[in-house]
Amino acid sequence: MPASAAPPRPGTPRPGTSAGAPGAPERAPRTGGADDGLTLMEVLVTLGVMTIVMALFGAGLTQLYRTAQRSESLGVAQTQLHQAFLRLDRDIRYASGISLPGTAGGDSYVEYVISNTEVVRCTQLRLSASGLLQSRFRRDSGPVSGWQTLASHVTTPRAFTRTLASEAGAPHQQLGVTLTLSAGAGATASRRQASFTFTALNTGVGTASDGVCPSLGRP
-8 MPASAAPPRP
2 GTPRPGTSAG
12 APGAPERAPR
22 TGGADDGLTL
32 MEVLVTLGVM
42 TIVMALFGAG
52 LTQLYRTAQR
62 SESLGVAQTQ
72 LHQAFLRLDR
82 DIRYASGISL
92 PGTAGGDSYV
102 EYVISNTEVV
112 RCTQLRLSAS
122 GLLQSRFRRD
132 SGPVSGWQTL
142 ASHVTTPRAF
152 TRTLASEAGA
162 PHQQLGVTLT
172 LSAGAGATAS
182 RRQASFTFTA
192 LNTGVGTASD
202 GVCPSLGRP
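Oh and the sequence shown: position 210 is 201 in the numbering used here, straight run, nothing missing.
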């Protein structure tokens, strides 16, 4: 019979274990590698790239926000102008005279009168230098109303034009309104032009309009 193995003596490591940790499995020795960590230069380069990317991303968001803001402002101005057109069209069609447009203090003015009713009403339109299309009125010899804003963000070098009635042309006086809607400033501003023609059906070839509504004045 084979001889039995002698029992291990105290302190003798078992097979597959290390001498420094009795009963623990042996560990493979660590070897150094090129990717054990990042150098300071690599960290700085990474941070620099991230900074550039974030700056470009932020600039893109800012541009999108400004574009959306300009579009919204332009849309609001266009809606206001459309509502003003509907209101003026209902009013000027009953006019019995349109004054000669002019300017005063950098603002453009024109007046029209409705006299085929019990109460004579004079209305004055103004395009202010600050970009507001406004109106005010006076009934008979009563007080002049305050200015009411019809549209904003509008500019034009010549807002109002009057066309007199003639045998060879239009049978009624016409008021032309040409405005430029603007949103933003400088080269990045968004602009749209709008032109309207209103016909005063109570006028004719013999209508004299040079003295329409002088009491309103042009401040």
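We put the CB at the ideal spot given by N, CA and C, even for glycine.
Sorry if obvious, but does the Cβ on residue i come closer than 6 Å to a heavy atom of the ligand ZN?
| i | result |
| --- | --- |
| residue 162 | The model depicted lacks the ligand ZN and carries no ligand whatsoever. |
Bridge partners for residue i per DSSP, in chain order?
| i | result |
| --- | --- |
| residue 113 | 104, 129 |
| residue 98 | 95 |
| residue 173 | 182 |
| residue 153 | 166 |
Going by Cα to Cα distance, which pick from the options is closest to residue i?
| i | options | result |
| --- | --- | --- |
| residue 91 | 43, 30, 165, 192 | 165 |
| residue 204 | 130, 66, 44 | 130 |
| residue 71 | 39, 185, 153 | 185 |
| residue 197 | 155, 183, 182, 190 | 155 |
| residue 183 | 66, 161, 192 | 66 |
Under the rule that 16 or more other beta-carbon atoms within 10 Å means buried, what is residue i, buried or exposed?
| i | result |
| --- | --- |
| residue 125 | buried |
| residue 83 | buried |
| residue 215 | The first residue shown for the chain is -8 and the last is 210, placing residue 215 beyond what the model contains. |
| residue 46 | exposed |
| residue 44 | exposed |
| residue 104 | buried |
| residue 194 | buried |
| residue 29 | exposed |
Going by beta-carbon coordinates alone, are residue i and residue j separated by less than 7 Å?
| i | j | result |
| --- | --- | --- |
| residue 172 | residue 115 | no |
| residue 145 | residue 122 | yes |
| residue 136 | residue 149 | no |
| residue 187 | residue 48 | no |
| residue 95 | residue 209 | yes |
With a threshold of 7 Å on Cβ separation, who are the neighbours of residue i within its own chain once the five nearest residues in sequence on each side are excluded?
| i | result |
| --- | --- |
| residue 120 | 97, 98 |
| residue 200 | 88, 89, 90, 164 |
| residue 102 | 90, 113, 114, 115, 203, 204, 207 |
So, for residue i: in the same chain, excluding its five sequence neighbours on each side, which residues have a beta-carbon less than 8 Å away from its beta-carbon?
| i | result |
| --- | --- |
| residue 110 | 130, 131 |
| residue 158 | 196 |
Which same chain residues end up closer than 6 Å to residue i when comparing Cβ atoms and leaving out the 5 residues on each side of it in sequence?
| i | result |
| --- | --- |
| residue 138 | 125, 127 |
| residue 169 | 147, 186 |
| residue 117 | 98, 100, 125 |
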